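> Using this note's numbering, read the sequence shown as starting at 540 and increasing by one per residue.
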Amino acid sequence: MRIAIIGQGYVGLTIAVGAAGAGHKVVGFDVNDGLVAHLSAGQSHIEGISDSELIGFIAAGSYAASTDVSVLDGSDVIVIAVPTPLDAQRNPDLSFVHAAADLIQNNVKSPALIINESTSYPGTLRNEIATRITGVDHLYASSPERVDPGNSEWGTKNTPRLIGGLTPAAVAKARAFYRGFCDSIIEVSSPEVAEAAKIFENTFRQVNIALVNEFAQIADALGISGREVLDAAATKPYGFMPFNPGPGVGGHCIPVDPSYLAHVANQVGVPATFIKRANEVNLAMPAYVVKRVVAGAGGSINGENVVVVGVSYKSNVADTRETPAAVVIDLLREQGATVTWHDDLVGSWRGEISTPLTAHDIAVVVTKHDGVSDAAIKASKYVFDCTGTIAGADGI
Ligand SMILES: NC(=O)c1ccc[n+]([C@@H]2O[C@H](COP(=O)([O-])OP(=O)(O)OC[C@H]3O[C@@H](n4cnc5c(N)ncnc54)[C@H](O)[C@@H]3O)[C@@H](O)[C@H]2O)c1
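(1) Does Glu586 come out as helix, strand or coil in the three-state DSSP assignment?
(2) Select from Gly931, Pro661, His637, Pro699 the residue whose C-alpha is nearest the C-alpha of Arg671.
(3) Taking only beta-carbon atoms, is Ser691 less than 7 Å away from chain B?
(4) Taking the Cβ atom as the reference point for each residue, do Ala639 and Gly551 lie within a distance shorter than 7 Å?
(5) Determine the direct distance from the alpha carbon of Ile617 to that of Leu871, and round the result to whole angstroms.
(6) How many whole angstroms separate the CB atoms of Pro863 and Val833, which I take to be in contact at a CB cut-off of 8 Å?
(7) Reducing DSSP to helix, strand and coil, say where Pro707 ends up.
(8) When the Cβ atoms of the stretch 774 to 788 are set against those of the stretch 642 to 650, are three or more pairs found closer than 8 Å?
(9) Run the CB neighbour count on Asp924, radius 10 Å, all protein chains shown included, and call it buried at 16 or more, exposed below.
(10) Considering only DSSP beta bridges, list what Ile892 is partnered with.
(11) Cβ of Phe743 versus every heavy atom of ligand 1: is any distance shorter than 6 Å?
(12) Where do the ends of the alpha helix (DSSP H) carrying Tyr777 lie?
(13) In this structure, does DSSP put Asn844 in helix, strand or coil?
(14) Just list the residues that DSSP pairs Ile619 with in beta bridges.
(15) Ends of the alpha helix (DSSP H) at Glu873?
(16) Using the beta-carbon count (16 or more within 10 Å), is Ala709 buried or exposed?
(17) Could you spell out where the beta strand (DSSP E) holding Leu642 opens and where it closes?
(18) Do Ser682 and Leu664 have their C-beta atoms closer together than 7 Å?
(19) When you measure from the CB of Glu684 to every non-hydrogen atom of ligand 2, does any distance come out below 6 Å?
(20) Does DSSP put Ala932 in a helix, a strand or coil?
(21) Could you give the residue range of the alpha helix (DSSP H) that holds Ala915?
(22) Which residue comes first and which comes last in the beta strand (DSSP E) that contains His881?
(23) For Asp612, tell me which candidate among Gly587, Ala576, Val570, His677 has the shortest Cα-Cα distance.
(24) Who does Tyr921 pair with in a DSSP beta bridge?
(25) Look up Ser609 in the DSSP assignment and say whether it is helix, strand or coil.
(26) Could you give the DSSP three-state label for Gly790: helix, strand or coil?
(27) According to DSSP, is Ile738 part of a helix, a strand, or is it coil?
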């Protein structure tokens, strides 16, 4: 099949490579000229997709990146994989989804299957995409992406894929598309079910992380190790699922997607109380971390040299979107500390660059990538570890 993918970010490029590997002819369309130039030169920007893989598909003629909107017309399948952020009031911002739908409306004259993989609330495919596109008899399906960047165990191939279509023909065509590179396809009765499943999955994670973050604070105040309690609880073979406490949540998904569910919940008159509280708890974690650092360092960090280790939102990825490290660093500086950070995966961020991991007065470990040495961290006089991986260190 001839496939066009709108958006070549984490999700769009992952699907592009999956589809190219399944023998489809794929065009990755993006409005970002610089990104398209890099992709066309065979340079991948995401973990898990190597330059050589990309170069192979380009050489074989099965993948091309483009900023030319005319590549969309004549496709069998058009996948939408664009950002779905929150606006300044923390409400859903569907402007990128609308822009993608408008691109299809204005440029695609031959019928295609249009699949939305962008995460959004139930009703998005039907009301925000299909209704904006008129005059051509397209098929429409929703298949929310579940990719977990940096996860080497679960990828596009072995993570079960949900499909919900506006019509049985849309579901059948979506199945034919995905079966080439997804082992398990689960059809649900409507796009709304698929869309809601995705945001509920991430809400489940957000709420459980908040619960464990609150529990970590309770355990510390009780003078017991929260992590030891969690390990003990996790020995129960049923009815318990472990989550790890940390400095807060980051990335494009967990801090954002639950607010999409809260938005539609409010519209139908059901207050999403868990989501609101979970947001509050997770957003307060950087302040809790800094409070513990100050206490652990003897009551003041004024004038101390602090290195924050790992500024991406999770280990082994370079993604700094919504990372709690930003707030941790700002709050440490408010306390009078001189703060640098070390993260060779991120390299440069917020106009600052990663500094070598040398001995400091204080090391605060927010994220630990593979290859970062515990010994180098422990060279600092006081270590506060948010990851629970450094033996003997203070932390959460
Ligand atoms: N990153 C993840 O781990 C992940 C996982 C599952 C689902 N999702 C969801 O998938 C969607 C995409 O996320 P992402 O992480 O790939 O975002 P991203 O920011 O990495 O990539 C989005 C791309 O879309 C491009 N774009 C924006 N508007 C466009 C337009 N009108 N036409 C063409 N290209 C356009 C941007 O230039 C960018 O390259 C979001 O809804 C997100 O919530 C993300």
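We treat Cβ as the ideally placed atom computed from N, Cα and C, and that holds for glycine. Here the structure is a predicted model, which is why all the values come from computation and not from measurement.
Let's see:
(1) coil
(2) His637
(3) The structure shown contains no chain B, having only a single protein chain.
(4) no
(5) 46 Å
(6) With a Cβ gap of about 17 Å, Pro863 and Val833 do not count as contacting.
(7) helix
(8) no
(9) buried
(10) Ser887
(11) no
(12) Segment: none, Tyr777 is in no alpha helix (DSSP H) and carries neither H nor E.
(13) strand
(14) Ile545, Asn655
(15) 863 to 873
(16) buried
(17) Note, Leu642: premise wrong, no beta strand (DSSP E); alpha helix (DSSP H) at 634 to 646.
(18) no
(19) Within the structure as shown, ligand 2 is missing, the only ligands being ligand 1.
(20) coil
(21) 913 to 917
(22) 877 to 881
(23) His677
(24) Ile901
(25) helix
(26) coil
(27) helix
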